[in-house]
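Here the sequence shown is numbered in the numbering used here, starting from 6 and rising by one per residue.
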Amino acid sequence: MVLTKQRTAVHNSMLGRRIPHPSSTNFTDDSPPSKRLKTHESTDDDFRDVSPLRTPRAETPDSDDECSSGEVGASNVHVTELESALGPVKTDKEAIQEYEAMRAAEGSLDESEDVPGAGDLNDRLSKRSWTRGKSSIYVDAFNLALETVLEDEGHLFDEREMKVFQIWRELDYEAQYLLPETTAEIQVNPAEHAPPDGTVLDSTFTFADSSDGMITSLEEASSLLNLEELKVIGKESKLRGKNKTELLNSLRSMSRRQSGLGWVGLKRSDSEQTSVSDSGENDDTGAEDDGMSDSNPRISRRNFPDYIVSRSANIFTSRAELLEFEAGLRTQFRVEDILEMNGNPGKAGLEEVKAIFDEVYPRWKVLLEEEQRKEERVYESGEGAYLRRFSPAWVYTRIVHKGTYVLGRFKLHAEEHEVLSKLLGQHLFHAARRGAWYQRKALLEEHYMYAIAPPENLSDPEKHKRHWKRIALQTCEQGLQDKDCHIIYHYDLQKRIKKIEKNIKMPMREQHDFDHVLLAKPIEVTVEGIQIKKNYPPSLKRRTSNTHPPEEKLRSTKTIWVDEAETGGECSVEAMCLSHYRSQGFKGYHAEGGIIRTLFAYLFFDILFIYIPNVFQTAYQTCPLDLHTDAFFPSRISEINHRLVEIANGNAADIIRSVDSRERERATCVIGLRWDFELDDLLEIVACFPDEALAAVCKVMAQEYRVRGGGIPDLFIWKPATGEEKGEVRFVEVKIIERV
6 MVLTKQRTAV HNSMLGRRIP HPSSTNFTDD SPPSKRLKTH ESTDDDFRDV SPLRTPRAET
66 PDSDDECSSG EVGASNVHVT ELESALGPVK TDKEAIQEYE AMRAAEGSLD ESEDVPGAGD
126 LNDRLSKRSW TRGKSSIYVD AFNLALETVL EDEGHLFDER EMKVFQIWRE LDYEAQYLLP
186 ETTAEIQVNP AEHAPPDGTV LDSTFTFADS SDGMITSLEE ASSLLNLEEL KVIGKESKLR
246 GKNKTELLNS LRSMSRRQSG LGWVGLKRSD SEQTSVSDSG ENDDTGAEDD GMSDSNPRIS
306 RRNFPDYIVS RSANIFTSRA ELLEFEAGLR TQFRVEDILE MNGNPGKAGL EEVKAIFDEV
366 YPRWKVLLEE EQRKEERVYE SGEGAYLRRF SPAWVYTRIV HKGTYVLGRF KLHAEEHEVL
426 SKLLGQHLFH AARRGAWYQR KALLEEHYMY AIAPPENLSD PEKHKRHWKR IALQTCEQGL
486 QDKDCHIIYH YDLQKRIKKI EKNIKMPMRE QHDFDHVLLA KPIEVTVEGI QIKKNYPPSL
546 KRRTSNTHPP EEKLRSTKTI WVDEAETGGE CSVEAMCLSH YRSQGFKGYH AEGGIIRTLF
606 AYLFFDILFI YIPNVFQTAY QTCPLDLHTD AFFPSRISEI NHRLVEIANG NAADIIRSVD
666 SRERERATCV IGLRWDFELD DLLEIVACFP DEALAAVCKV MAQEYRVRGG GIPDLFIWKP
726 ATGEEKGEVR FVEVKIIERV
């Protein structure tokens, strides 16, 4: 995360910032949130207008977020694929000054390097040589990024934009230094210029707190808001209520519980304008980058894996293609905003999305044919998998996918079935969704298509149903045989196959047998312990005009327990459970997904950094850019399947030893790999892990690293083999059930 220094205009420091919610406001409580629209496809029933009622949780989750690994996990900050491949580095002003001072003290710079022009941009960056007041890592990194973009993507900018770049090059060092380091700190209105007459309105306004005879209370101020304004505030503040009265009561109740003020970092406002960084960042998430991605590794002196850097050139063949891609992203955002961001969209929202779908669908089919021709004639083997993410067709495919949901809501099942068939007929875009498309298509064929498209040679309605159920059965079988259908969808497809076979009374000898892949129900283990509860006195630091007595502070969600099995001191609930399992001969970590990600990094180290065009844009990446996409697996399918066979044959330990002996001394920066795990522990885990099960886990990680790298149970424990007993591994999800 890039840190910026405090701006000098302290009196303006709150402008554009939002006040976060203190713990006393119950902002992060476990009560049911406001009803949201269900966006995934059901495999057992049609879309429903009303979601089922939720019951309050009887269990309290009590797991710490894994702080030592930041590449996977829930976060409100969206980063680009390039930023996710670069490790976090401290980059504030003190870190920069400390680094440059250290370099100067080493005496590695000669006198010729201390004068401007003695070394060019790349020379200074490679030698890490900067002189205070004459050169800076900020300016050099920014200029290097700019020149790199213009070298390969200069054709995407028009004459007016190129003129801006020319003016930038003509600026001296001091002027250039202002932009890359302090973009968020520049004040537009210079202090030395007097404001125009009639624009000074400071005496016209006053704070509600200090006004006399005006608004003096929150109740009076909030009563002036209309329902729409209250909904906006309620959405940001997580207020509960459906009408104006309930929202007002919730807002006033939150205000009474508020114990302090704070703020979060500024967010970049939405804009339809194109920036230089957008054209070269190779991602559609729109995350902000201030140019420090290149300078971070130079500051931290990390060791990175060896791989071939192959920067993609001419991702967009023309400016028109780039503009269509950006327009598609804005349309996609509008669709998702209607369907997912504002609760139930209602009939008007669904009709708007339907109109967008009708407009996009013909263009999508045209682009689909063009991309197929490009795949067959232009791209070499594996080259197009990642670059296709920057095609307008990739964005349109997502919009078409969202459109199928709207077709289902309007009961347009024939059209929905046709679109799903078209989506499954292509293998270029959104392979990760193919399993969901198979499920939805089979559902339509099982329940609806017999009435929409009955066979002409059959007159009995029951035979119509039987005919389409057999087609649904074939659809599920095709999904299981599709190499691009991810393994996580196999279980639901197998369940539907068994259900249909039983329904149509298929002979037992012709039915499928999935007993070898059935999922076992988790075993529930009860561990009893003594919880320590602390009562906090009410805060008396803040004066309040509230007539209600101050409420007692809510306890932290992190509970405290007595470690009876070992030290007898205080511990977390996870540590208490680990002590319980240690008494039974288990070893373990409270690592959530840390162990699995580390094993995957060890076992697929060479495959992660094998040469694939366009996925290594810099020399300072901890992973290929496509690791978090559905392009990673198909681009390396041969190598991955070969490695999975090696793991299933029991060679995992040898692979781990080889990588550890080569990379541990350098502590190479690789995504997910934690060097604090002991090699002996990892080898014990692999020995306890069934070989085929470990291969299956690795396959799921390779197909969907972004999703499956997180959400793993809290504890990973294992018991080494002793005598005739085989080794055992367990994933343990810790829940607290409080007894009254």
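No residue lacks a Cβ here, since even glycine has one placed at the ideal position from N, Cα and C.
None of the values given here were measured: they were computed from a predicted structure.
Cβ pair residue i, residue j closer than 8 Å
i      : j      : result
ALA456 : ARG501 : no
LEU392 : SER315 : no
ALA692 : ALA658 : yes
VAL675 : PHE610 : yes
VAL405 : VAL424 : yes
ARG394 : THR634 : yes
THR402 : TRP369 : yes
ARG414 : LEU498 : no
ALA390 : PRO718 : no
ALA437 : HIS491 : yes
PRO397 : LEU372 : yes
ILE313 : TYR625 : no
ASN308 : ARG671 : yes
GLN444 : TYR496 : no
TYR143 : TYR178 : no
LYS249 : LEU232 : yes
GLY677 : PHE605 : yes
HIS517 : LYS539 : no
Contact set for residue i: own chain, Cβ-Cβ below 6 Å, skip 5 residues either direction
i      : result
CYS747 : Past the boundaries of the shown model lies residue 747; the chain is included only from 6 to 745, so the question cannot be answered.
VAL664 : TYR607 and PHE610
GLU644 : ILE612
ALA700 : LEU649, ILE652 and ALA653
PHE170 : none
PHE682 : THR603
VAL237 : none
ALA79  : Confidence is the limiting factor: at ALA79 the pLDDT is only 40, short of 50, which leaves the residue's position unreliable, though a coordinate-based value still follows. Nothing meets the Cβ criterion.
VAL358 : VAL340, ILE343 and VAL411
LEU428 : TRP442
PRO302 : Residue placement at PRO302 is poorly supported in this model, since its pLDDT is 48, which falls under 50; the coordinates are not used for a value here.
PRO459 : HIS469
ILE690 : TRP723
Close beta carbons around residue i, own chain, < 7 Å, minus the five adjacent residues each side
i      : result
SER260 : LEU223
THR549 : Only weak support exists for where THR549 lies, its pLDDT of 48 falling under 50; the value from the coordinates is given anyway. Answer for THR549: no residue qualifies.
PRO310 : PHE614, THR673 and VAL675
PHE338 : none
GLU450 : TRP473, ILE476, ALA477 and THR480
LEU155 : PHE170
PRO367 : none
VAL737 : CYS582, PRO718, ASP719, LEU720 and ILE722
HIS422 : LYS446, LEU449 and MET454
Close Cβ partners of residue i (< 8 Å) along its chain, the five nearest in sequence each way excluded
i      : result
SER588 : ALA570
CYS576 : ILE565, TRP566, VAL567, ASP568 and SER584
SER39  : Because the pLDDT of SER39 is 46, which lies under 50, any placement of that residue in the model is unreliable, and the number read from its coordinates should be weighed accordingly. Taken in chain order, the residues that qualify are ARG245 and GLY348.
HIS45  : Low per-residue confidence applies at HIS45: pLDDT is 44, beneath 50, and the placement is therefore not dependable enough to give any value.
GLU709 : ALA437, HIS491, ILE493 and ASP635
GLY534 : TRP566, VAL567, GLU569, VAL578 and MET581
CB-CB length for residue i against residue j, believed under 8 Å
i      : j      : result
ARG602 : GLY716 : Not quite, the Cβ-Cβ distance comes to about 12 Å (not below 8 Å), so this is no contact.
ASP685 : ALA653 : Not really, about 23 Å apart at Cβ, beyond 8 Å.
PHE694 : ILE600 : The Cβ separation is near 10 Å, so there is no contact.
TYR586 : ILE660 : TYR586 to ILE660, Cβ: 28 Å. No contact.
PRO350 : ILE343 : 5 Å
LEU161 : ARG324 : 5 Å
GLN377 : LEU433 : 7 Å
GLY593 : TRP723 : 7 Å
PHE637 : ALA726 : Actually they do not touch by this definition, with Cβ atoms about 34 Å apart.
(request) Any chance you could list the alpha helix (DSSP H) runs of at least 4 consecutive residues sitting entirely within the segment 332-377, in chain order? (result) none
(request) Please specify which runs of the alpha helix (DSSP H), each continuous and at least 4 residues long, are wholly inside the segment 663-716, giving them in chain order. (result) 684-693, 696-708 and 710-713
(request) With a floor of 4 residues, list each alpha helix (DSSP H) that falls wholly inside the segment 574-601, ordered by position along the chain. (result) 578-587
(request) Could I get the ranges of all uninterrupted alpha helix (DSSP H) runs contained in the segment 393-424, with 4 residues as the minimum, in chain order? (result) 397-414
(message) Threshold first: 4 residues or longer. Then list the alpha helix (DSSP H) segments lying entirely within the segment 431-461, N to C.
(response) Runs found: 439-452 and 454-457.
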